[in-house]
Amino acid sequence: MFTELNDLGRKTLEEFKNIKNLPTIPKVVIEVNEMIRTHTGHVGRLAEVVGKDQGLTTKILAVANSPLYGLPKKVSSIEFAIMLLGMGEISNIVTAISLAQVVKGEEVENFDYMEFWKHSMLVGIASKDIAKRLGFAEYAGDAFVAGMLHDIGIQLTARYFPQQFQKIVNMTKENGISYFDAEKIVLGVTHEDIGHFMVTKWNLPKNLSEVLGYHHSPSQLEEENVTLNIIHLADSMTKMFDIGNYVWDLGVEFDESTIASLNFSDKTELEEFVEEYFLIFQDAADTIKL
């Protein structure tokens with residue numbers, strides 16, 4: 062996607078690449094995944110590692126207790142969450158939440174972290190559920206992680222390009238253009254480009270980097286990517302319902318190539334599927350009170 066960048070865009074990405082303190086993958090992610098990979102972890106040990114970070118623990122329990130996550134009973138401890146969800150699920154949740162947290166910097170004007178977090182969490186949990194309901198259960202774990210991280214490029218922009226971030230915000234207010242278009246004018250790149258670069262630097266799977274790079278326009282990716290289309294749908298649904306939606310998505314149109322990519326027969330079938338989620342989204346958004 063970077064081949065289409067203009068001089069300003071290339072300059073912005075070069076500046077970003079040269080930043081010395083870019084976030085690295087948190088130790089807890091490495092530790093948890095290593096324990097699972099080598100089968101050295103058990104519920105108590107895993108709970109001990111995760112429980113060292115109270116903020117992470119709180120967010121894991123919030124995810125587990127979301128109506129969209131579908132657990133049969135309320136989860137009140139990290140040990141119980143691990144028992145109910147299993148090691149693989151916990152690994153996905155720890156990875157997504159920890160990477161989202163490590164990107165967070167100091168408070169930036171016009172960046173509402175709570176609003177951003179709620180949107181990310183809702184898209185992540187909804188994407189997992191949508192994957193299962195549409196018969197793509199094998200993509201559910203990836204869909205959760207990708208949904209949680211899809212907009213981290215916005216966080217990175219606010220943190221590392223704060224002056225340009227304010228220009229983008231002001232431009233949308235003064236000129237009435239979308240944030241996406243304002244990004245391209247001010248930076249020559251969008252949050253998709255920056256997020257794509259970051260997860261590539263983290264050496265995360267190509268499937269995930271493609272989601273971050275094309276989540277607003279899946280049809281621009283030549284290869285078929287089911288996870289990408291699921292995230293695009295879930296992201297769009299927050300705007301359709303005006304629930305957990307994020308201001309940065311204003312002015313971004315739904316890519317109708319997603320209809321066929323997710324095996325809907327037509328737009329009407331998609332709309333009927335989406336309608337079933339309204340109350341579920343409402344309940345899920347109400348539970349996110351971090």
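When we follow the working numbering, the leftmost residue of the sequence shown carries the number 62, and every step to the right adds one.
Glycine residues also receive a C-beta, built at the ideal position from the N, C-alpha and C atoms.
Values in this document were obtained by computation on a predicted structure and should not be read as measured data.
| Check | Outcome |
| --- | --- |
| Could you check which residue in Asp-310, Leu-265 and Gly-249 has the C-alpha nearest to that of Leu-66? | Gly-249 |
| Can you tell me whether DSSP reads Phe-226 as helix, strand or coil? | helix |
| Expressed to the nearest angstrom, what Euclidean distance is found between the alpha-carbon atoms of Val-313 and Ala-142? | 36 Å |
| How many angstroms separate the CA atom of Leu-117 from the CA atom of Arg-106? | 16 Å |
| If Ser-188 and Ala-204 are in contact, beta carbons under 8 Å, what's the gap, nearest whole angstrom? | 4 Å |
| Taking Cβ to Cβ, would you say Ala-346 is nearer than 8 Å to Lys-179? | yes |
| Express the C-alpha separation of Tyr-240 and Glu-75 in angstroms, rounding to a whole number. | 22 Å |
| Just the C-alpha distance for Leu-282 and Ile-91, rounded to the nearest angstrom, thanks. | 30 Å |
| Taking C-alpha atoms, which residue in Thr-85, Gly-70 and Lys-81 lies nearest to Trp-263? | Thr-85 |
| On the three-pair Cβ rule with 8 Å, is the segment 156-165 touching the segment 194-212? | yes |
| When the distance is taken between beta carbons, is Val-308 closer than 8 Å to Thr-288? | no |
| Pull up the CB-CB distance for Val-230 and Asn-171, whole angstroms please, since I reckon it's below 8 Å. | 5 Å |
| By the 10 Å Cβ neighbour count, where 16 or more other Cβ atoms means buried, how is Ser-326 classified, buried or exposed? | exposed |
| Measuring straight from C-alpha to C-alpha, what distance separates Gly-131 and Asp-68? | 47 Å |
| So the alpha helix (DSSP H) Val-272 belongs to, where does it begin and stop? | 267-275 |
| Note down, one range per segment and in chain order, each alpha helix (DSSP H) of at least 4 residues found wholly within the segment 68-145. | 68-78, 88-98, 104-112 and 115-125 |
| For Arg-71, which option in Lys-81, Ile-255, Ala-161 and Lys-135 has the closest C-alpha, if you only look at C-alpha atoms? | Ile-255 |
| I believe Asp-316 touches Pro-279 by the beta-carbon criterion, under 8 Å. Please report the beta-carbon distance rounded to the nearest angstrom. | 5 Å |
| Just tell me which of Thr-73, Ile-80 and Ser-297 has its CA closest to the CA of Ile-191. | Ser-297 |
| With distances taken Cα to Cα, identify the nearest neighbour of Phe-302 among Asp-344, Phe-197, Val-89 and Asn-324. | Asp-344 |
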